[in-house]
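Reviewing the structure listed below.
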Amino acid sequence: MIKRLICAAVFSGTIATNVNAEELRFTVWTGSKAHLDMLNDIANGFKQTHPDVTVRYDTIPFGDYVQKLTLQMAGGNPPDLGWLLENSAPAFVEAGALADVSKTLHATENYNYADFSTSAMGLWTKDDSVYGIPFSTSPFLVYYNKSLYDAAGLETPDQRATDGTWTWEQLKKDAATLRNADAGVWGYETVDGQGYSARVWHNLIPIIRAYGGNAWTDGTCHLDSPEAVKAIKLFHNMIYVDGSAVPPGEQGDFFSGKSALTVTQISRVSKLADANFDWGIAPLPAGPAGNAATVGQAAVVAFAQGKNKEIAAEFLAYMTSAKNVAKMAEFFPPARKSVLEGDAFLSSNPAITPAQMKIVAQGIENGSVLPSHEHFPQIEAKARPEFDALWSKDADIQATMTKLCQGIQPLL
1 MIKRLICAAV
11 FSGTIATNVN
21 AEELRFTVWT
31 GSKAHLDMLN
41 DIANGFKQTH
51 PDVTVRYDTI
61 PFGDYVQKLT
71 LQMAGGNPPD
81 LGWLLENSAP
91 AFVEAGALAD
101 VSKTLHATEN
111 YNYADFSTSA
121 MGLWTKDDSV
131 YGIPFSTSPF
141 LVYYNKSLYD
151 AAGLETPDQR
161 ATDGTWTWEQ
171 LKKDAATLRN
181 ADAGVWGYET
191 VDGQGYSARV
201 WHNLIPIIRA
211 YGGNAWTDGT
221 CHLDSPEAVK
231 AIKLFHNMIY
241 VDGSAVPPGE
251 QGDFFSGKSA
261 LTVTQISRVS
271 KLADANFDWG
281 IAPLPAGPAG
291 NAATVGQAAV
301 VAFAQGKNKE
311 IAAEFLAYMT
321 SAKNVAKMAE
331 FFPPARKSVL
341 EGDAFLSSNP
351 AITPAQMKIV
361 AQGIENGSVL
371 PSHEHFPQIE
381 AKARPEFDAL
391 WSKDADIQAT
401 MTKLCQGIQP
411 LL
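So the sequence shown is numbered by the UniProt record's numbering: it starts at 1 and just counts up by one.
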């Protein structure tokens, strides 16, 4: 349905008529004050050379982002610019929903397009066209409650990562040990607490890859492989055997101290500004197949049906310049090599030590991007009932994943 909406929006010929020509509407999925203050600072910098242009950031909740964005486009109210995740890139590019900004980028003085590696740009280019610039190539990390670890006398995840004993099995054991039902503290919370719905892929793929599995390769689904099933069983046991993972329908919230461990990205560190506990970060655990760093990527894009395409492309170039990528690096690890490899990146976020930022940089260097496909919206919709079926105590994981692969295989 989502891809049909994208195509309908592109070919309807309808554009927004209620947006001031000098206002750029920019959709994002963050409501964080720290993030928005930083983004508004960049917009104010653009205003110095474009005094008649105002940038308005429009927050859409993450779980609804793609659906609401495509509904806006189909309804004749497309934004000028926005954030877009890696799993949506192929569908939006294929549907012609994104503007080619290559000419503007190459015409922008000192832009240094070559600063982005070919691999970083892979999802956002087609032939000589450029449809987006990554502003965040962010590895998934383990955040842990150091106060709880210290109280329990446990070796911390970053210490285990150093001595080579940090595995998913160890995380499972730690989560069970640190679970304190009397205090309302869970052992492990899924990615953003949404690992059963909006972020089910983000939750399961890192574990599956560490166990030697994958989502799909060369048009073939592998989510029903023995490796993938074993990985999912590990997580399933955390919910229904150990009782250590926050189950569907419950709230844990690592950031308020109600969970000992979670997996998320560096942008969420702003939520720990007022934390009343000590915390730390560590790489994703290893599995039988070794380390499997996983990266989420998001890009700034300009929409093909936006009313202000020329100025939108100029703002995209300004926002993704080396200067502004360095600003965003506090929360969003950069794809620009010059910024990522610079000493300033290691101290870009005052809440994170240089040693911790090295963990982030290593995750980018060694990580693989989350699965993407031009039919990903349809794949996600087709897989949803089977993913939902996993979350019961008596779920037959092998049968469920076999059915899931059978359902999505024609789309691959």
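Where a beta carbon is used, it is the ideal one built from N, C-alpha and C, also for glycine.
Values in this document were obtained by computation on a predicted structure and should not be read as measured data.
- Taking the C-beta atoms as reference points, Pro283 is found nearer than 9 Å to Ile359.
- Residue pairing of Lys358 in beta bridges, as defined by DSSP: absent, with no partner found.
- In the three-state scheme derived from DSSP, where H, G and I count as helix and E and B as strand, Thr30 is classed as coil.
- Under the three-state reduction of DSSP output, Gly367 falls in the coil class, being neither helix nor strand.
- Beyond the five residues adjoining it in sequence on each side, Ala326 comes within less than 6 Å, by CB distance, of Val339 in the same chain, given in chain order.
- In the three-state reduction of the DSSP assignment, Lys126 falls in the strand class, which pools E and B.
- Nearest Cα to Pro90 within the set Leu123, Phe62, Ala312: Leu123.
- C-alpha of Thr353 to C-alpha of Leu105: approximately 34 Å in a straight line.
- Take Val55, set aside five residues on each side of it, and the residues of its chain with a beta-carbon closer than 6 Å to its own are Leu24, Phe26, Ala43, in chain order.
- Annotated as distal: Phe116 and Lys271, with beta-carbon spacing of 9 Å or more.
- Within the stretch 181 to 242, the complete beta strand (DSSP E) segments at least 3 residues long are 186 to 189, listed from N- to C-terminus.
- Runs of the beta strand (DSSP E) lying entirely within the stretch 35 to 79 and spanning at least 3 residues, in chain order: 54 to 59.
- Cβ atoms of Ile205 and Leu370 come within 8 Å of each other, at about 6 Å.
- The Cβ-Cβ distance between Gly257 and Arg179 does not fall below 9 Å.
- The beta carbon of Gln297 lies closer than 6 Å to those of Glu86, Pro134, Thr137, Val369 in the same chain, with the five residues before and after it left out.
- Here Thr156 has Tyr144, Lys146, Tyr149, Gly280 as same chain residues with Cβ atoms under 7 Å from its own Cβ, once five neighbours each way along the sequence are excluded.
- Restricting attention to alpha helix (DSSP H) runs no shorter than 4 residues, the stretch 99 to 184 encloses them at 102 to 107, 118 to 121, 146 to 152, 157 to 163, 168 to 178, ordered along the chain.
- Around the beta carbon of Thr49, a 10 Å sphere encloses fewer than 16 other beta carbons of the protein chains shown; the residue is thus reported as exposed.
- The stretch 230 to 237 makes no contact with the stretch 307 to 315: fewer than 3 CB pairs, one atom from each, lie closer than 8 Å.
- Nearest C-alpha to Thr400 among Ala99, Gly212, Ala361, Ile232: Ile232.
- Under the three-state reduction of DSSP output, Thr262 falls in the strand class.
- Per the coordinates, the alpha-carbon of Gln72 lies some 14 Å from the alpha-carbon of Val28.
- If you look at Gln398, you'll find it in the alpha helix (DSSP H) that goes 397 to 408.
- Secondary structure in the stretch 318 to 351: the alpha helix (DSSP H) runs of 4 residues or longer, each lying completely within the stretch, are 322 to 328, 337 to 340, 343 to 346 in chain order.
- In this chain, the alpha helix (DSSP H) harbouring Ala381 covers 376 to 390.
- The DSSP assignment places complete beta strand (DSSP E) segments of no fewer than 3 residues inside the stretch 294 to 319 at 294 to 302, in order along the chain.
- With contacts defined by Cβ atoms closer than 9 Å, Ala99 and Phe303 form a contacting pair.
- Listed as beta-bridge partners of Leu84 by DSSP are Ala299.
- The beta carbon of Gln356 sits closer than 6 Å to the beta carbons of Ile281 from its chain, once the five residues preceding and following it are set aside; these are given in chain order.
- In this structure, Leu171 places its C-beta atom within 9 Å of the C-beta atom of Tyr188.
- A direct Cα-to-Cα measurement between Gln265 and Leu141 gives close to 6 Å.
- Between the C-alpha atoms of Asp58 and Met328 there is a straight-line separation of about 18 Å.
- For Ala282, the enclosing beta strand (DSSP E) covers residues 279 to 282.
- The beta carbon of Gly306 sits closer than 6 Å to the beta carbons of Pro78, Asp80, Ala312 from its chain, once the five residues preceding and following it are set aside; these are given in chain order.
- In the three-state reduction of the DSSP assignment, Ala292 falls in the coil class.
- Taking 9 Å as the cut-off, the beta carbon of Gly31 is found no closer than this to the beta carbon of Ala198.
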